[in-house]
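A.B. asks: Provided herewith is a single structure, encoded as structure tokens, for subsequent inquiry.
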Amino acid sequence: MNSNLVYDFGLHRGEDTEFYLKKGFRVVAVEANPQLIEECRLKFRDELEVGRLHIVEGAIAPPSAGDTVTFYRNPRASIWGTIEPDWADRNAARGFESEAIQLPRIDVPDVFARFGVPHYVKIDVEGVDILVLDALREFPKRPNYLSIESEKVDFDELIKEFDLLEGLGYTKFKVVQQRSIPGRTVQVRTVDGKPIAYTFMECASGPFGEDIPQPWLTRDQAIASYKEIFARYRMFGDRSVYSKLPRVAKGVISTAYKATTGYRGPLPGWFDTHASL
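Counted from 1, the sequence shown has number 192 at position 197 by this note's numbering; the numbering is strictly sequential.
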């Protein structure tokens, strides 16, 4: 395990990679969208030149997909790029049409074998997070920390995520609201122990590990937290009656909900599951 190495599966525009580099880590970043890759090659050209950053280009998919993969690039919402046709259809139904392009397939075990098992791995690859987790089975050592964007629709699928994490040896968890990350400033230390302040930009995943100001939970405690979250997904999520209401009506309902329950977070937002050995 490489204590100064971080993986960023889902580089996008480098919102997370920038933070990891500021903390002093070496970064291996994986991205499918060629336009975003070009942006990041310009943005991080100095780090690329000295070897602090490596960008792996292509789409993550199972071996059964073959050497070339159809990737649905979303021109209006680049964060929603995916290899999953159902996800592309969902985005189109919300007014965000995708365009299909062909990309080389990335074999995740090959990436880990090439660069090594990291201290932390962030996984946010729109529909195929589990493939990255599965790849870790092939290696005797595990990252000290990892995070995935958690399931929002099917609670049974969420339980499968926890089963897989537990099977990989992870026993401690943090359930982290993502909508409130952009604009937040944190005080953290670099790998050399130097204090820095960092403000997260739009689409950033936020801090990880001990830098998250929340206590670690057991599996049962984390799942209990997700039961409450899924109740809010049903009431306020993309498939709810609430989501189709006018803005004024939404404001009245959300205010009443928070007044009666004491809940103060976004409605409903979305969450990452962070795990630690």
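Virtual Cβ for every residue (Gly too), placed ideally from N, Cα, C.
1. Helix, strand or coil for residue 132, going by three-state DSSP, please let me know.
2. Quickly, what does DSSP pair residue 266 with across the bridge? List them, please.
3. What span of residues does the beta strand (DSSP E) with residue 177 cover, start to end?
4. If you draw a straight line from the C-alpha of residue 91 to the C-alpha of residue 121, how long is it?
5. Are the segment 118 to 132 and the segment 144 to 159 touching, with three or more C-beta to C-beta distances below 8 Å?
6. Since residue -3 sits in a beta bridge, which residues does DSSP pair it with?
7. Is there contact between the segment 16 to 25 and the segment 50 to 69, where contact requires at least three CB pairs shorter than 8 Å?
8. Once DSSP output is grouped into helix, strand and coil, what is the label at residue 3?
9. With a CB to CB cut of under 7 Å and the five nearest residues on each side skipped, what residues in its chain are close to residue 130?
10. Bridge partners for residue 59 per DSSP, in chain order?
11. With a threshold of 16 other CB atoms inside 10 Å of the CB of residue 152, please say whether the residue is buried or exposed.
12. In the segment 70 to 123, which residue ranges form an unbroken beta strand (DSSP E) of at least 3 residues, counting only runs that do not cross its ends?
13. Tell me whether the beta-carbon of residue 198 lies closer than 7 Å to the beta-carbon of residue 74.
14. What are the partner residues of residue 66, as DSSP defines its beta bridges?
15. I need the straight-line Cα distance from residue 220 to residue 169, nearest angstrom please.
16. Look at the alpha carbon of residue 279 and the alpha carbon of residue 31, and state the distance between them as a whole number of angstroms.
17. Need the endpoints of the beta strand (DSSP E) that residue 194 sits in, please.
18. Please state the DSSP three-state secondary structure of residue 50.
19. Could you say if the segment 33 to 42 and the segment 69 to 85 meet the contact criterion of at least three C-beta pairs nearer than 8 Å?
20. How many angstroms separate the CA atom of residue 165 from the CA atom of residue 266?
21. Is it buried or exposed, residue 77, if we count other Cβ atoms within 10 angstroms and call 16 or more buried?
22. Taking the C-alpha atoms as reference points, what is the distance between residue 245 and residue 81?
23. So does the segment 183 to 192 actually touch the segment 232 to 244, counting three or more Cβ pairs closer than 8 Å?
24. Please list, in chain order, all residues of the same chain as residue 214 whose beta carbon is under 7 Å from its beta carbon, the five residues on each side excluded.
25. Residue 132: which of 109, 7, 139, 163 sits nearest, CA to CA?
26. DSSP three-state call for residue 224: helix, strand or coil?
27. Hey, would you say residue 16 sits closer than 7 Å to residue 35, going by beta carbons?
C.D. replies: If we stick to the structure as given:
1. Sequence index remark: in the sequence shown, residue 132 carries index 137 (1-based). It is helical.
2. Mapped onto the sequence shown, residue 266 falls at position 271. Bridge partners of residue 266: 172.
3. Counted from its first residue, the sequence shown places residue 177 at position 182. Neither: residue 177 is in no beta strand (DSSP E) and is coded neither H nor E.
4. On the sequence shown, position 96 is the one that residue 91 refers to. On the sequence shown, position 126 is the one that residue 121 refers to. Going by the C-alpha atoms only, they are around 15 Å apart.
5. yes
6. Against the sequence shown, residue -3 aligns to sequence position 2. Residue -3 pairs with 113.
7. yes
8. The residue given as residue 3 occupies position 8 in the sequence shown. DSSP places residue 3 in strand when its eight states are reduced to three.
9. Taking the first residue of the sequence shown as 1, we reach residue 130 at position 135. Residues 103, 104, 107 of the same chain have their beta carbon placed closer than 7 Å to that of residue 130, with the five preceding and five following residues left out of the count.
10. Numbered from its first residue, the sequence shown carries residue 59 at position 64. DSSP output for residue 59 lists no bridge partner at all.
11. Position 157 of the sequence shown, counted from the first residue, corresponds to residue 152. Exposed, since its Cβ has fewer than 16 Cβ neighbours within 10 Å.
12. For secondary structure counted as the beta strand (DSSP E) over 3 or more consecutive residues, the segment 70 to 123 holds these complete runs in sequence order: 94 to 101, 113 to 118.
13. What you label residue 198 is simply residue 203 of the sequence shown in a count that begins at 1. What you label residue 74 is simply residue 79 of the sequence shown in a count that begins at 1. In this structure, residue 74 lies closer than 7 Å to residue 198 by Cβ.
14. Taking the first residue of the sequence shown as 1, we reach residue 66 at position 71. DSSP lists 96 as the beta-bridge partner residues of residue 66.
15. Here residue 220 is taken as the residue at index 225 of the sequence shown, counted from 1. Here residue 169 is taken as the residue at index 174 of the sequence shown, counted from 1. Cα-Cα distance, rounded: 10 Å.
16. There is simply no residue 279 to check, as the chain begins at -4 and stops at 272 in what is shown.
17. Within the sequence shown, the letter at position 199 stands for residue 194. Per DSSP, residue 194 is one residue of the beta strand (DSSP E) stretching across 190 to 194.
18. By one-based count along the sequence shown, residue 50 stands at place 55. Strand, per DSSP.
19. no
20. Along the sequence shown, read from residue 1 onward, the residue named residue 165 stands at position 170. Along the sequence shown, read from residue 1 onward, the residue named residue 266 stands at position 271. Going from the Cα of residue 165 to the Cα of residue 266 covers about 18 Å.
21. In the sequence shown, the residue the question calls residue 77 occupies position 82. Residue 77 is buried by the Cβ-count criterion.
22. Taking the sequence shown and counting its residues from 1, the one referred to as residue 245 is at position 250. Taking the sequence shown and counting its residues from 1, the one referred to as residue 81 is at position 86. Cα to Cα, residue 245 sits roughly 28 Å from residue 81.
23. Contact between the segment 183 to 192 and the segment 232 to 244 is absent, because fewer than three Cβ pairs lie under 8 Å.
24. The residue given as residue 214 occupies position 219 in the sequence shown. Excluding residues within five positions, the ones whose Cβ falls inside 7 Å are 157, 161, 168.
25. Within the sequence shown, numbered from 1, the residue matching residue 132 stands at position 137. Looking at the Cα atoms, 163 is the closest of the given residues.
26. As a first step, residue 224 is located in the sequence shown; it is residue number 229 there, counting from the start. Residue 224: helix per DSSP, three-state reduction.
27. Within the sequence shown, numbered from 1, the residue matching residue 16 stands at position 21. Within the sequence shown, numbered from 1, the residue matching residue 35 stands at position 40. Cβ distance not < 7 Å, so residue 16 and residue 35 don't count as in contact.
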